[in-house]
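Notes follow the structure.
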Amino acid sequence: ATPISIMVAVGRAAQHGILIRRGEALQSAGRLTAVVLDKTGTITEGRPSVMGIDTAKGWSEKRVLGLAASLEAGSEHPLASAVLRAAEAGKIATSAVDGFVAEPGHGVAGSVDGIRLLLGNVAMLEKHGIDLRAFEAQLASCFKEALTPLLLAADGQVVGLLRVADPIKPDAREAVQRLKELGVRVLMVTGDHEATAQAIARAAGIDEVRAQVLPQDKATVVKELQSRGEIVGMVGDGINDAPALAQADVGFAIGTGTDIAIESGDVVIMAGSPLKVSEAIHLSRLTVRNIK
Ligand code: ADP
Ligand code: MG
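So, in structure tokens, the structure goes:
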């Protein structure tokens with residue numbers, strides 16, 4: 398590869414909203430055999446919103462939302478802002494929380510007025526030994542509709558379920574299609590529940606899903622593919638996928654993400670479009686071919 402042809406290609410990429418931060422990434426991109434896409438913020442918009450609330454007998458939607466928002470006030474997660482926005486829209490006040498803890502990939506916990514609260518996914522509540530049978534039907538309908546259920550438990554009982562939607566990006570399906578056309582294996586990784594993940598993947602045209610992956614294990618998914626001979630690109634927004642971006646042969650940071658993602662990425666995709674990943678691979682192949 399001559400320095401000049403690379404410089405030209407880097408410039409051309411920049412015009413297309415693809416920022417190459419590491420020169421070698423331009424050459425490696427064309428050799429990728431697999432691309433792992435993070436779900437939240439990469440395939441989906443990453444701006445989730447609360448669509449509805451189910452409650453247990455004796456509990457009002459307002460009370461459930463108020464307690465959920467009180468807990469989420471301490472969290473930076475995109476799901477937290479969805480809950481806080483819903484409470485604000487309903488003019489619901491939040492309460493002070495004692496002993497707040499965030500459990501990455503699971504949810505949040507703490508106490509309000511001496512009531513022990515948990516808010517999170519099925520895995521979190523099961524880990525805490527909570528019986529979910531009363532909400533089985535509501536959970537099933539969430540999964541069918543590709544919604545993420547946030548369960549609220551108070552003193553060991555499920556008292557509510559918040560149905561959260563995070564729609565897929567309008568160009569996600571085309572982005573996946575183009576990668577497949579380039580002969581690249583496409584996978585989706587997420588901490589979300591298997592059933593929700595499968596529904597989102599289906600909508601995006603992705604056949605391979607790794608769900609319920611804890612934040613620290615996303616890099617392991619990349620490593621495993623590499624150990625089986627794949628050359629792996631990882632696409633994420635850096636909300637807990639920075640180590641996976643760093644582990645990948647080429648890390649694509651979605652530009653709407655966090656500063657940490659941009660720093661861990663070899664390539665920064667501006668305007669958040671997953672379509673740019675296949676464009677970068679295509680451009681890389683053209684450049685490398687011209688150099689030879
Ligand atoms: P992703 O892989 O989609 O970026 P995360 O690993 O951050 O997601 O989270 C995985 C799952 O853990 C979420 O889908 C949600 O069910 C649960 N979760 C994580 N953080 C929170 C939170 N602050 N409040 C509620 N649920 C949470
Ligand atoms: Mg994420």
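Going by full-length UniProt numbering, the first residue of the sequence shown is number 398, and it counts up by one from there.
In this text, a Cβ means the ideal position worked out from N, Cα and C, and glycines have one as well.
Computed from a predicted structure; not experimentally measured.
Residue i versus residue j - alpha carbon distance
i    : j    : result
G471 : A406 : 44 Å
G511 : L464 : 12 Å
D528 : L549 : 12 Å
K615 : K577 : 22 Å
G502 : G588 : 6 Å
L514 : Q574 : 43 Å
I603 : M585 : 7 Å
I417 : F649 : 9 Å
R682 : A562 : 37 Å
L476 : I401 : 45 Å
Near the ligand ADP: residue i beta-carbon under 8 Å from a heavy atom
i    : result
H590 : yes
A463 : According to the sequence provided, residue 463 is Gly. The question's Ala does not apply to it. Checking the Cβ of G463 against the ligand ADP gives no.
M521 : yes
A537 : no
D638 : yes
A572 : no
P671 : no
Neighbour flag for residue i against chain D, beta carbons, 9 Å
i    : result
F540 : In the structure shown, chain D cannot be found, because there is only a single protein chain.
Nonlocal neighbours in the same chain, by C-beta distance under 7 Å from residue i, ignoring five residues either side
i    : result
V619 : V433, V629, M631, A641, Q644 and A645
E458 : I450 and T452
W456 : V556 and G557
Nonlocal neighbours in the same chain, by C-beta distance under 8 Å from residue i, ignoring five residues either side
i    : result
H590 : N518, V519, A520, F540, T545, P546, A608 and Q609
S670 : G414, K566, D568 and A572
F497 : L468, G471, V505, A506 and G507
S492 : G463, L464, S467, V509 and D510
Beta-carbon contacts of residue i that lie in its chain and below 6 Å, excluding the five residues immediately before and after
i    : result
Q554 : none
E605 : L584
T437 : G443
Quiz item: Does the stretch 628-647 come within contact of the stretch 590-597, defined as at least 3 CB pairs closer than 8 Å?
Solution: no
Quiz item: Using 8 Å as the Cβ pair cut-off and three pairs as the minimum, do the stretch 549-569 and the stretch 659-668 touch?
Solution: no
Quiz item: So does the stretch 433-449 actually touch the stretch 479-493, counting three or more Cβ pairs closer than 8 Å?
Solution: yes
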